[in-house]
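Chemist:
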Amino acid sequence: MNFPFCILNSPFYIVLMRILILCTGNSCRSQMAEGFLRSFDPSLEVFSAGTKAAARVHPKAVQVMAEKGIDLSGHSPKTVEQFLDQSFDYVITVCGNAKETCPVFLGAVKQRLHIGFDDPAEATGTEEEVLAVFRRVRDEIDVRFAQFLREGR
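Each residue of the sequence shown is one higher than the one before, starting from 1342 at the first, in our numbering.
Structure below.
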């Protein structure tokens, strides 16, 4: 994909945008968004975090991202506190509904955005039904973050 924000100046990448993606546990949605953004353009500096970091990235998030060729197996949840001393061009929250407490980033940021998605970790049903929810949310994240980069917001 070709996005207007980032350029590749071989042999060095020029970073034109730093992005922090936030959710509650940093185990599903924010990890998937980080994975997609990094795959779209390696010159982006992308990080993800949560207010209450989970013990691990959700195995089904790892599974459904692997289906798209994106490896999250080496990722681990992080807390937002780890990034407070850094500055970002965008801080994007991805919490999906009003019952979730979306994190607030108090560090330096040029623009804050909210792009909400359902939490696939809350899916119930058979294994296939739960995987279907993870795949749906994964695909929504893919489309929306590609749009974010194309349109610049």
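All C-beta atoms, glycine included, are put in the ideal place defined by N, C-alpha and C. Since the model is a prediction, treat every value here as computed from it, not as a measurement.
Run through the region 1403-1436 for me and flag every whole beta strand (DSSP E) of 3 or more residues, listed as ranges in chain order.
Modeler: The region 1403-1436 contains these whole beta strand (DSSP E) runs: 1428-1434.
Chemist: Quick one, which of D1382, L1490, L1454, G1366 has its alpha-carbon nearest I1433's?
Modeler: Against the sequence shown, residue 1433 aligns to sequence position 92. Checking every option, the nearest Cα to that of I1433 belongs to L1454.
Chemist: Of all the options E1463, T1467, C1436, K1451, which has the alpha carbon lying nearest to the alpha carbon of G1493?
Modeler: Indexing the sequence shown from 1 puts residue 1493 at position 152. Of E1463, T1467, C1436, K1451, the residue nearest in Cα terms is K1451.
Chemist: With DSSP as the reference, label R1477 as helix, strand or coil.
Modeler: Taking the sequence shown and counting its residues from 1, the one referred to as residue 1477 is at position 136. Note: R1477 maps to helix in three-state DSSP.
Chemist: Within its chain, find whatever has a CB closer than 6 Å to the CB of F1489; leave out the 5 residues flanking it on each side and keep chain order.
Modeler: The residue labelled residue 1489 in the question sits at position 148 within the sequence shown. Closer than 6 Å at the Cβ level, and outside the excluded window around F1489, lies no residue.
Chemist: Leaving aside the five residues before and after N1367 along the sequence, list all residues of the same chain whose C-beta is less than 7 Å from its C-beta, in chain order.
Modeler: As a working note, residue 1367 is residue 26 in the sequence shown. The answer, listed in chain order, is S1389, A1390, G1391, A1394, A1395, P1418, K1419.
Chemist: So, are the CB atoms of V1398 and Q1423 less than 8 Å apart?
Modeler: In the sequence shown, the residue the question calls residue 1398 occupies position 57. In the sequence shown, the residue the question calls residue 1423 occupies position 82. In this structure, Q1423 does not lie closer than 8 Å to V1398 by Cβ.
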